[in-house]
Amino acid sequence: MRLLVLGGGAVTREYYLPAIAMLDPPLDVRVVDRAADALCALTARYPGTKTERADFQTVLDEPNLVAQFDGVVIALPNASHENATSCALRRGLHVLCEKPLALSHVACLRLRDEARAAARVLAVSMVRRLLPSIEAARQAIARGLIGELLSLDFEDGQPYAWLSDSGEFFRKENGGVLADMGVHYLDLAREFAAGTLIPSKYTDDYAGGVEANAVLELQSETGRTIRIALSRTRRLRNTLIFHGTRGDLSVAKGVDASCVWRPSGEEAGITLSPVRPFANGDWPNTLTSCFAQQLHEFCEAIRRGTDPRVGAEEAAGAATIVEWAYGQRRMFAQSEPRLAGNRQMLGSGLACVTGGTGFIGSHLVRRLYEEGVEGVCVPVRGYRTCSSVARFPVSMPRVDLLNGGEVRHALKGARWVFHLAYGSSGHDASRVTIEGTRNVVEGAIAERCECVVILSSIYVFGRPDAATVDESWPYDPVGGEYGRSKARMERWCLERSTSSGFTRIIVLNPSCVYGPGGRTYSELPVRLAKQGAFCWVDGGKGTANYTFVENLLDAMLLAARLEVAHGQRFIVTDGYVSWREFLEPLLGRFGEDLPSFTRRELAALNRKARRTRLLRVVRDIALDPRLTYAARNAPVLGGALKLVDRYAPATVGAARAWRGHATGRMRETRNENPPPVWLSDVFCAGTSRYSAEKACRVLGWSPRIGLDRGRQLTLAWLRDTVIPESEEES
């Protein structure tokens, strides 16, 4: 079978090509993509794959195409599916199209008619139907294990991490999380609920771009209720639950091999697995095998002239509901809640926000649209963390901050520039912070932007104990290379402001920023405490200088608006309390009975843990002859084994002696990771206090959101993302 694959992006690279390699006999495949980078990544991973750099329309217009290929897989951006499918059918090719087939039910039915007229197979990729876990649930329901099916409750959500190469994923015309993931669950709901689905309620966070969070409620003709919750920014329950009169079935995302059956009144669950879910009994129970099964069924439908498992009519049913939902949501976009008391501070114009996909940046993008700016440009290095801002109508060009030309091009037409990006990791981290900032400032001056607001840190002042630090304090950075590079960047910006002409330059030094979406001072302590890996440093008596994110945004917008701010730096901080007083309300029950260590004690604990982990690795290797062979041929582990053989032969000998009877035994689990030593830097015992008097006096700034209210808002977000209510109350 000869197959043309249109689209060489992540789904082709991660799933289709591995699945094709599993088929016997193998398929003759050519992959087409207009992006050279995508094809290079593909051939680097799968050498020998035939590729062609071209637009899909150009390839489908080639003469004698039907003589070269039997079918085509369409793995293009969603908005191109309809056109590509129609063209391929007209050229006489059988089609397997990635979901969604089209974004309207009318288009789906038209494609159905085109396929029938051409006597060609038109299959729609709904691989989740093929998961062994779903098949197990299907068989269990058919056998009456849960009695009569009453309702379906599907939740799928986690921070977006799909390898989008081009950013097409976030274009408005391709739809958001409902059109992308929602159609999978609409397809499953239609199958299991057995009948037409009638939507009743839909909410999402659409704000002019593509929604990242959505909840859809429906009912089937048979009276079964369906709820589908989706997220690209929050970790949801990630299970599909089928409720029946005599029990429940649960399918966990990522557990592809089985589902769990819980009869009514029973706490323990019973794992159910299908005997042979795929055509090839040797295929593993993975999502990749589902793609292989789908390709197998597509080829069989072509050979036999039969209907596919999922066709255009099923796709039309899902598209009808997506259209209804997107039509309903207009009211939600207009009534999106805003933090009470937000003040209009900027006039009209375009804004550019570097680092706009991060914690502070995503809040700033939202606030800028509330301010009424005409548009926002968010330059990005990649598209993994864009979901939170893509719900707004932002432009997101791919920009390397170390390339001055790319940076200047991104700043064209901008009135306001907010520079939040910095080098956080990698060999070029300092260059990104220093040289990247220079490129932004010079680009803004060249493009005659009105102002550049640069976010620095209080880390540049150091931590002088028992002192109140203001902007006159000398540079004495802490935080390693992060603090040093921020200080160098800041010095250069203030010096450049003396000759920047029309463009104003302002530097802000916020203290520890917390709030919904925050990591270091909001989410991180809670996650570590849940894992038993958090502690107080010196009893938590050190001073926490804190700033609620919305208060920082006020300062940034005031600095951008006021001419008097030019050439100055401003410390922005709401106030100070002890770390214990700051964190205990956020930690809740996870903060009970936390240990306290000094910096020296933390360092000693971590050294001991590293030695313990090395000995445990050596022991585990010694228990398995295959691992022993592999380790001895690995440079680092091989050297470690030789040292242990020489200086601690009893360790390896005892482990090998245990090898014979260790197989299958349950090993004791314990928390082997002590609190990380860097906690003593982040939540240190220092007593420095920072003053925002200058920001209050010159900018007219003051913290509108107090500590109690700020923590309430943060805790509400934590309960929604990090601490499920059931876990908090347990």
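Going left to right, the sequence shown walks through residues 108 to 837 as the working numbering numbers them.
Glycine residues also receive a C-beta, built at the ideal position from the N, C-alpha and C atoms.
- Residue 797 has 576 as its beta-bridge partners, per DSSP.
- Of the candidates 193, 157, 785, 114, 114 places its Cα closest to the Cα of residue 184.
- Residue pairing of residue 204 in beta bridges, as defined by DSSP: 181, 231.
- In the same chain as residue 214, and ignoring 5 residues on each side of it, the C-beta atoms closer than 7 Å to its own belong to 189, in chain order.
- Closest by C-alpha distance to residue 508, out of 476, 523, 542, 245, is 542.
- DSSP, read as helix, strand or coil, puts residue 785 in coil.
- Comparing alpha carbon positions, the residue from 230, 146, 186 closest to residue 179 is 230.
- The Cβ atoms of residue 159 and residue 384 lie no closer than 8 Å to each other.
- Taking the Cβ atoms as the reference, residue 652 lies roughly 7 Å from residue 796, within the contact range of under 8 Å.
- In this structure, residue 156 keeps its C-beta atom at 8 Å or more from the C-beta atom of residue 167.
- DSSP places residue 547 within a helical segment (H, G or I) once states are collapsed to three.
- Taking all protein chains in view, the Cβ of residue 262 is crowded by 16 or more other Cβ atoms within 10 Å, so the residue is classified as buried.
- In the DSSP assignment, residue 397 falls outside any beta strand (DSSP E) and lies within the alpha helix (DSSP H) extending over 394-411.
- Here residue 366 is buried, its C-beta having at least 16 other C-beta atoms within 10 Å.
- Spanning the alpha carbons of residue 496 and residue 643 requires a straight line of approximately 35 Å.
- If the five residues before and after residue 322 are omitted, its C-beta is found closer than 6 Å to the C-beta atoms of 310, 336, all from its own chain and listed in chain order.
- Taking 8 Å as the upper bound for CB-CB distance, residue 618 and residue 650 are not in contact here, some 10 Å apart.
- Straight-line measurement puts the Cα of residue 633 at about 7 Å from the Cα of residue 697.
- Here the stretch 796-809 lies against the stretch 671-680, with 3 or more beta-carbon pairs under 8 Å apart.
- In the three-state reduction of the DSSP assignment, residue 109 falls in the strand class, which pools E and B.
- Uninterrupted beta strand (DSSP E) stretches at least 3 residues long and entirely within the stretch 494-518 do not occur.
- In the structure shown, residue 332 adopts extended strand secondary structure according to DSSP, grouped into three states.
- Comparing C-alpha distances from residue 295 to each of 433, 244, 316, 637 shows the shortest one belongs to 244.
- Put simply, the backbone Cα of residue 531 is about 11 Å away from that of residue 592.
- Contact annotation: the stretch 450-470 touches the stretch 478-494, with at least three C-beta pairs closer than 8 Å.
- For residue 280, there is no enclosing beta strand (DSSP E), as DSSP gives it neither H nor E.
- Note that the C-beta distance between residue 210 and residue 319 is not below 8 Å.
- Residue 299 carries a helical assignment under DSSP once its states are collapsed to helix, strand and coil.
- The DSSP-derived three-state label of residue 434 is helix.
- Taking 8 Å as the cut-off, the beta carbon of residue 456 is found closer than this to the beta carbon of residue 522.
- Taking a cut-off of 8 Å for Cβ pairs, the stretch 129-141 and the stretch 393-404 touch, as three or more such pairs fall below it.
- Comparing alpha-carbon positions, the option among 203, 492, 549, 360 lying closest to residue 277 turns out to be 492.
- When C-alpha distances from residue 555 are compared across 116, 316, 610, 182, the shortest belongs to 610.
- Residue nearest to residue 169 within the set 152, 195, 187 is 195 (criterion: CA-CA distance).
- Across the structure, residue 151 and residue 181 are spaced so that their CA atoms are roughly 22 Å apart.
- By the neighbour-count definition (other C-beta atoms within 10 Å, threshold 16), residue 534 is an exposed residue.
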